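Worksheet: one structure, shown below.
Residue numbers (the working numbering), protein chains in the order written: chain A, 19 to 134; chain B, 19 to 134.
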């Protein structure tokens, strides 16, 4: 069940929502509904999201800044700005920042595994 | 039912997928599953996506380039690069390019109203 009522135009600035930590990759939520979510992931050099899978939910990563080494279903590829990649449901996927600069990703997932 | 098998890492370059037409706003599909889709919308000055609603599907717009005048649920706002906006299911939403330059948007929708 949707637990909130949306009456206003909901917008976020993906530049100001960025946050990094020397500790580990940071995730900030931008939007969340029962059907999907949008997050921003911020990875310092050397940080990663370890490969994992979501039963029945697809994920899309869009590279905003930097270069990520994406691993999806056993394949690995370096993707940079303007590139977008699909991690289909049930397939192992992860991303590492093997570069010397920060990596910023927009991440979309549906359906939202945190709901329902 | 999913009608295709995805065996490889699927990636698109959102720069090379752009296409504009003097006729009307252009949509190009980037990814499509039964759960969600990702499109790129390209609007010349003066072009628009007329307000409409999707029963049970949420849409998220991310502004890549230019400025769009978004109308969601009766509210109107101009959004530029790095801004992202939610058009929740069942609410009228649309976008017009009232600026003098091209507008490029990434659009994510879940669930995919073209499937299922």
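Glycine residues also receive a C-beta, built at the ideal position from the N, C-alpha and C atoms.
Please read all numbers here as calculations on a predicted model, not as lab measurements.
query: Leaving out the 5 sequence neighbours to the left and right, which residues in its chain are closer than 6 Å to residue 41(A) when beta-carbon positions are compared?
result: none
message: Restricting to Cα atoms, I'd like to know which of 114(B), 122(B), 129(B) and 94(B) is closest to residue 46(B).
response: 122(B)
query: For residue 33(A) and chain B, any beta-carbon pair shorter than 8 Å?
result: yes
message: Extract the residue ranges of the beta strand (DSSP E) inside the stretch 26-78 of chain A, only unbroken runs of 3 or more that lie entirely within it.
response: 28-31, 44-50, 55-61 and 66-70
message: Cutting at 7 Å between CB atoms, please list the residues of its own chain near residue 128(B), excluding the five before and the five after it.
response: 53, 54, 75 and 76
message: Just checking: is the beta-carbon of residue 69(A) within a distance shorter than 8 Å of some beta-carbon in chain B?
response: no
field: Three-state class that DSSP yields for residue 92(A) in the structure shown
entry: coil
- prompt: Nearest-angstrom Cα distance between residue 49(B) and residue 124(A)?
  reply: 15 Å
message: Please classify residue 92(B) as buried or exposed, where buried requires at least 16 neighbouring CB atoms within 10 angstroms.
response: exposed
task: May I have the straight-line CA-CA distance separating residue 9(A) from residue 90(A), to the nearest angstrom?
output: Because residue 9(A) is not part of the residues shown, which for chain A are 19 to 134, the question remains open.
message: Between residue 37(B) and chain A, is the shortest Cβ-Cβ distance under 8 Å, so that the two count as touching?
response: no
task: Look at the alpha carbon of residue 109(A) and the alpha carbon of residue 33(A), and state the distance between them as a whole number of angstroms.
output: 30 Å
Rounded straight-line distance, which links the Cα of residue 83(A) to that of residue 31(A): 15 Å
- request: Report the partner residues of residue 87(B) according to the DSSP bridge assignment.
  value: 96(B) and 114(B)
Beta carbon proximity, residue 73(A) to chain B, threshold 8 Å: no
- prompt: In its own chain, which residues sit with a C-beta less than 6 Å from the C-beta of residue 104(A), not counting the 5 before and 5 after it?
  reply: 78
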